Each structure stands twice: as structure tokens, then as C-alpha cells.
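Our numbering puts the first residue of the sequence shown at 244, with every later residue one more than the last.
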Amino acid sequence: MPVPKEKKSRSKRDMRRAWHDRIDPPGTVLCPRCNEPKLPHRVCASCGTYRDREVFAPRDTEAATKAKKK
């Protein structure tokens with residue numbers, strides 16, 4: 244059975260193990276109605292639709308920004 248000739252340093256060991264602990268960015272898809280990026284299998288935040296059905300009415304962006312400034 245093969246045996247390593249020298250001990251691996253903590254740095255090399257941790258670099259090898261770090262590959263499994265990485266965080267991948269979430270995958271996004273384009274909304275078929277408004278072409279905005281969204282998470283798959285979720286309601287689009289900009290147009291409020293899911294699978295060609297309107298789930299909620301989209302907010303007026305100008306009114307929302309004015310309310311935040313007050």
C-alpha cells in the first residue's frame with residue numbers, strides 16, 4: 244500500500260479540503276414575461292407572475308422609493 248514520503252502541511256491539507264466547502268452562486272433564469280433574472284421555481288419579484296399566472300400585483304417602483312425617502 245502506498246505511503247506518503249513526507250507529511251502534508253496544514254495549508255496543503257486545508258486547500259485540498261476547501262474545494263468541497265466552497266459556496267456556489269445561486270442559479271438564475273430569466274422571467275419569460277419581463278426578462279428579469281429570478282431564482283428558478285419562484286415568483287418573479289418585478290412582474291409578480293409564476294408559470295404565466297399573476298400571483299400578486301407588481302408594486303409601483305416610484306411610489307415605493309418615495310415612501311422610503313420619507
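Ideal Cβ placement from N, Cα and C applies to all residues, glycine included.
Small disclaimer: the values here were computed from a predicted structure and weren't measured.
Nearest-angstrom Cα separation, counted from Arg-260 out to Lys-356: Outside the shown range of the chain, which is 244 to 313, sits residue 356, and nothing can be said about it.
Measuring straight from C-alpha to C-alpha, what distance separates Asp-295 and Ile-266? Indexing the sequence shown from 1 puts residue 295 at position 52. Indexing the sequence shown from 1 puts residue 266 at position 23. Here the alpha carbon of Asp-295 sits roughly 32 Å from the alpha carbon of Ile-266.
Leaving aside the five residues before and after Cys-290 along the sequence, list all residues of the same chain whose C-beta is less than 6 Å from its C-beta, in chain order. On the sequence shown, position 47 is the one that residue 290 refers to. Contacts found: Arg-276, Cys-277 and Pro-301.
Who are the near neighbours of Val-347 in its chain, counting only those whose CB is closer than 8 Å to its CB and skipping five residues on each side? Past the edges of the chain, shown from 244 to 313, lies residue 347, and the structure says nothing about it.
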